[in-house]
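The structure appears right after this line, and notes come after that.
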Amino acid sequence: MNFNIDFLAWRKIAIVFSSIFLVISIGSIAIKELNWGLDFTGGTLVELSYPEEANISEIRSSLSQGGFEGAQVANFGSSREVLIKLPGTVSDSLGSEIVSLLSKENTDLNIDLRRIEYVGPQIGSELRDDGGTSMLIALAFMMLYIAFRFQSMFAGAAVIALVHDVVIVVGIFSLIQIEFDLTVLAAILAVIGYSLNDTIVVSDRIRENLRSSELENTEEIINKSLNQTLGRTLITSLTTLLVLFSLYLLGGELIKNFALALIFGVVIGTYSSIYIAANALIMMGMTKDHLKVEEPENSDNNLLP
Amino acid sequence: MKRYGTWKYFLILIVLGFGIIYSLPNLYAPDPAVQVSYTSSSQTADRLLAERIEAALIDNNLDVSIELQDDYVLIRTDSYQNQLKLKDILANALINDVVIALNLAPTTPKWLADIGAAPMKLGLDLRGGVHFLMQVDTGTALKNRQDGTLQDLRIRFREERIRYTQALVQEDNSIFLKFNNSDFKQQAEEFIKDNYSQFNFPLPSEAENSLVLSLSDLEIEQIESDAIDQNLTTLRNRVNELGVSEPIVQRQGKKRIVVQLPGIQDTAEAKNILGKTATLEFHLEAQMDTPRSRKTSYPYRNGRGAPAFLQDSVILGGDQVATAQASFDENGLPQVNITLDGEGGSKMHRATRGNIGKRLGVLFVEQKSRTIYERDSSGKQVPVQETYEVKEIISLATIRAALGTTFRITGLDSPSESSELALLLRAGALAAPMTFVEERTVGPSLGADNIQAGIFSMQLGLLLVLGFILFYYRVFGIAASLALSFNIVLLVAIMSVLSATLTLPGIAGIVLTVGMAVDANVLIFSRIREELSRGREPLEAIDAGYNRAFLTIWDANVTTLIVAVILLSYGTGPVKGFAITLSIGIVTSMFTAIMGTRAFANLIYGSKKNLERISI
Chain A
0 MNFNIDFLAW RKIAIVFSSI FLVISIGSIA IKELNWGLDF TGGTLVELSY PEEANISEIR
60 SSLSQGGFEG AQVANFGSSR EVLIKLPGTV SDSLGSEIVS LLSKENTDLN IDLRRIEYVG
120 PQIGSELRDD GGTSMLIALA FMMLYIAFRF QSMFAGAAVI ALVHDVVIVV GIFSLIQIEF
180 DLTVLAAILA VIGYSLNDTI VVSDRIRENL RSSELENTEE IINKSLNQTL GRTLITSLTT
240 LLVLFSLYLL GGELIKNFAL ALIFGVVIGT YSSIYIAANA LIMMGMTKDH LKVEEPENSD
300 NNLLP
Chain B
0 MKRYGTWKYF LILIVLGFGI IYSLPNLYAP DPAVQVSYTS SSQTADRLLA ERIEAALIDN
60 NLDVSIELQD DYVLIRTDSY QNQLKLKDIL ANALINDVVI ALNLAPTTPK WLADIGAAPM
120 KLGLDLRGGV HFLMQVDTGT ALKNRQDGTL QDLRIRFREE RIRYTQALVQ EDNSIFLKFN
180 NSDFKQQAEE FIKDNYSQFN FPLPSEAENS LVLSLSDLEI EQIESDAIDQ NLTTLRNRVN
240 ELGVSEPIVQ RQGKKRIVVQ LPGIQDTAEA KNILGKTATL EFHLEAQMDT PRSRKTSYPY
300 RNGRGAPAFL QDSVILGGDQ VATAQASFDE NGLPQVNITL DGEGGSKMHR ATRGNIGKRL
360 GVLFVEQKSR TIYERDSSGK QVPVQETYEV KEIISLATIR AALGTTFRIT GLDSPSESSE
420 LALLLRAGAL AAPMTFVEER TVGPSLGADN IQAGIFSMQL GLLLVLGFIL FYYRVFGIAA
480 SLALSFNIVL LVAIMSVLSA TLTLPGIAGI VLTVGMAVDA NVLIFSRIRE ELSRGREPLE
540 AIDAGYNRAF LTIWDANVTT LIVAVILLSY GTGPVKGFAI TLSIGIVTSM FTAIMGTRAF
600 ANLIYGSKKN LERISI
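These protein sequence lines map, in sequence, to chains A and B. So for the first sequence, numbering that gives the first Met the number 0 puts the first residue at 0; every next one is plus one. So for the second sequence, numbering that gives the first Met the number 0 puts the first residue at 0; every next one is plus one.
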């Protein structure tokens, strides 16, 4: 694939576009907050499988008669699967009490217990803190590695792109109120890894061209580099999206949100490595001179395959 | 084109061989099985046990095979229904000196097992089971220690003729002592300094002629850590009594313990046994002349009699019980036969010898937890878990003769109560009560569905990716496809060798690796195409493509690996499972995508001197 697209002509539009998205995302996270999953809120969750279509309103009424106030009952995946949630509960035995209540009322039905989860209140907040910490540590390590391997401007550009991606993915989860649980958190961290992968490939080419190209204008060099790597960027995003869609469709309910977070992340990460990281480099005033003092690239020849 | 060293082909062949052999055991489906072992850990499974099992199964037409393993007898069946049937038959036929557990026995062929190959472990989300996270209330352990020290001090003060007016353990677990005058106080201070090292010195004083003994930080840490260690040991014993194969009992962080019980369905029973802090204490009945400060009134368990006074000093506790068996007395009422250890036996003998005709009380001591609501600093109601102790008399019987190491306890409600008490006495007491802070139970049907879903999504993902790269890169697509398949084999082999646990998020990690591993090849192949379009000779282009793409691939993968390792060290549960396969996948994919495809390209094109064009 040979491309000759004038990416940077769209620069300003991209900045406006990204800014709007960022504002909406941050606004939504601030106002609507996230639909925290049980891992983070603490509480009790029971998943049951009925042999035939489950009557949600009947389950709801027998639960409230049984003394389980505030229970959320919904279908999960299919009309036979039922998910019952009691957020913020502190008793670790509610799950089994719910199961025995419902199976007592329907002795003729063979209700299959799929899972019970109980997360204590202190665990929930701990998991949230740990998640936030690990994300910050991941970002810090990334910056250090890129500053060490490339140059501090590349590190700055990459981190701007990463923060952009993470905020927008989390923003989407807040906006459409998809449940945010531990697996989604893992997916967001994987998005950091993926988006960085993309940014590094593009940065690597920009660096190479800045050193060797006869072109003097940084913008032209960056544009050329983006065109050279576009084929690879698109193919890799495509293969990754292929497996993510198969996970989304076939991986089961527990993996669905995980796959969804990654799908958003891959799309946004691809966009950001083209527009955000490269844009940031230009804005920071990257020129050929910044790379002159560095050693030639083939000093690492002993690593070659 | 540079010569491609023969040793590289060798390396690839060796790694390929390793991958195939060590991933092979995963293709053999495990047998549903039942394992039987003796209750007492000193007795290892022997021929005799195997013969008893054989005899018990002779009338049933179950297709089984019986194997004698190191410390248990393994009985394999052909289906899950038969597995349950088998368990019931054995539970009825064998008397209660054995533990019967469901198991999934690997069917790895002998030659593979001999070289140490074994299948991956499946996580609870794939095989079903229960995961508990328990928080140890170490405050209780501190209080117990101070209670013991106080009892000791009272005796020593009497011996030393130090007169005190008040001695008690305060709310903050410090001991408060008040003396008749400053001389006694001084004497006591000297005495404590010489004989006890666990307190903060110098001893502060809250009121006149008083001393406060608070534990030093070092001592507190020691007591807490001992309490958790003892709880771990006790939990392991209890889990063994439950009959679970491959259980995990581990410390997590400072005050928590993780317990994972694969295959357990009845979580209520498991929780009941694990969290129970019940133990026994033996006290003499208080006499009329016993001072009020040395006796306490306790209610009868289940209100079978009027509350009675027992002396505060404990003859001995449940920790000196060597073995305990549930059985029935002559009237068919449940009882527990107890054998004490040597020290316990002589203590019991000494205490009962001089008190024939008096009554011996058996106290049932249980720590329970409840939720209370407190107002926090902002005035919001917050739930707080609180533990409290319940002590009830289960029997109060006249001592007819001096007791020795063996005796029995009656007065229990039901056979289930006697067998539970026997189990708890055998397994030992918990040093501190625990609360369940997290519980995750996965039913077997969900586990099976999760495996199905994982495998289907992996198959579809692989198929789509392979189809795409074959179509897009042709001959080099074949190389990349081989590398991708090799990558999965290698990943599975490494997981198996490390005996890492495969979970559903772990499968997602593998699937994601499949998508991302292509990246290295895409980078290399686009470089080769670029070099070709610049007019280079095909072989030179291949060479340049691999060389130039390498550093890019390296940087891109190392950064992803950093993320994966951070996930691995900070994450728990699902996050960890994902991080493990992602990290291993990144490393293996670098090897297969770079070295593997290079070797393939060299095999096909390397020998042709005047190559005109390549298919890429």
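Positions of the beta carbon are idealized from the N, C-alpha and C atoms, including for glycine.
Asked	Found
Distance between beta carbons of T580 (chain B) and L462 (chain B), contact taken as under 8 angstroms	With a Cβ gap of about 19 angstroms, L462 (chain B) and T580 (chain B) do not count as contacting.
Opening and closing residue of the beta strand (DSSP E) in which E213 (chain A) lies	Neither: E213 (chain A) is in no beta strand (DSSP E) and is coded neither H nor E.
Reduced DSSP category for I174 (chain B) - H, G, I as helix; E, B as strand; rest coil	strand
Distance between V81 (chain A) and I205 (chain A) (C-alpha atoms, nearest Å)	52 angstroms
Alpha-carbon spacing of D171 (chain B) relative to Q186 (chain B), whole angstroms	25 angstroms
Beta-carbon proximity check, L56 (chain B) vs N81 (chain B), cutoff 9 angstroms	no
Short CB-CB distance (under 9 angstroms) between L259 (chain A) and chain B	no
C-beta atoms of V562 (chain B) and A189 (chain A) nearer than 9 angstroms	yes
Cβ-based neighbour list, A479 (chain B), same chain, cut-off 8 angstroms, excluding 5 preceding and 5 following	I468, Y472, V517, N520, F524, A592, T596
Contacts around G446 (chain B), its chain only, beta-carbon distance under 7 angstroms, and the 5 residues preceding and following it disregarded	D124, L125, R126, G127
Residue-chain proximity (S419 (chain B), chain A), Cβ-Cβ < 9 angstroms	Residue 419 (chain B) is actually Glu in this sequence, not Ser. It does not; no Cβ of chain A falls within 9 angstroms.
Length of the line joining the Cα atoms of P295 (chain A) and E207 (chain A)	With a pLDDT of 48 at P295 (chain A), under the threshold of 50, the predicted position of this residue should be treated as unreliable, though the coordinate-derived value follows. So the two alpha carbons sit approximately 10 angstroms from each other.
Per DSSP, cross-strand counterpart(s) of I256 (chain B)	B:M133, B:R250
Test item: CB-CB of I154 (chain B) and Y297 (chain B) under 9 angstroms	no
Unbroken alpha helix (DSSP H) run spanning Q616 (chain B), endpoints	Absent from the model: residue 616 (chain B). The displayed extent of chain B is 0 to 615, so no value can be given.
The region 434-442 of chain B in contact with the region 108-118 of chain A per 3-pair CB rule at 8 angstroms	yes
Straight-line gap, L174 (chain A) to S77 (chain A) (C-alpha atoms, nearest Å)	24 angstroms
Cα-Cα separation between M515 (chain B) and T239 (chain A), rounded to whole angstroms	6 angstroms
Own chain residues within Cβ distance below 6 angstroms of A156 (chain A), not counting five before or after	A276, A279, L280
Per DSSP, the bridge partner or partners of Y37 (chain B)	B:V97
Pair within 9 angstroms by beta-carbon distance, V335 (chain B) and F131 (chain B)	no
Buried/exposed call for T355 (chain B), threshold 16 Cβ in 10 Å	First, the residue type needs correcting, since residue 355 (chain B) is Ile and not Thr in the sequence shown. With fewer than 16 Cβ atoms within 10 Å of its Cβ, I355 (chain B) is classed as exposed.
Residues bridged to A323 (chain B) [DSSP beta-bridge criterion]	B:I337
Residues bridged to A104 (chain B) [DSSP beta-bridge criterion]	B:D30
Length of the line joining the Cα atoms of I243 (chain B) and V98 (chain B)	The question names Ile, but residue 243 (chain B) is Val in the sequence shown. Cα to Cα, the separation comes out at about 9 angstroms.
Nonlocal neighbours in the same chain, by C-beta distance under 7 angstroms from V45 (chain A), ignoring five residues either side	I83, G94, I97, V98, I115
Within 9 angstroms, strictly: CB atoms of F281 (chain B) and L210 (chain B)	no
Segment contact, 8 angstroms Cβ cut-off, at least three pairs: the region 101-111 of chain A with the region 47-54 of chain A	yes
Between the CA atoms of H163 (chain A) and L214 (chain B) - distance to the nearest angstrom	52 angstroms
A396 (chain B), DSSP secondary structure in three states	strand
Completely contained beta strand (DSSP E) runs for the region 16-89 of chain A, where each covers 3 or more residues	42-48, 71-75, 77-86
Closer than 9 angstroms to chain B by CB, A73 (chain A)	no
According to DSSP, residues forming a beta bridge with K275 (chain B)	Answer by DSSP bridge pairing: none, since K275 (chain B) is not bridged.
Expected contact under 8 angstroms - CB spacing of V33 (chain B) and L89 (chain B) to nearest Å	6 angstroms
I369 (chain A) (DSSP reduced to helix, strand or coil)	Residue 369 (chain A) lies beyond the stretch modelled for chain A, which goes from 0 to 304, so this question has no answer here.
Contact set between the region 433-444 of chain B and chain A, restricted to residues whose Cβ is under 8 angstroms from the partner	T434, F435, V436, E437, E438, R439, T440, V441, G442, S444
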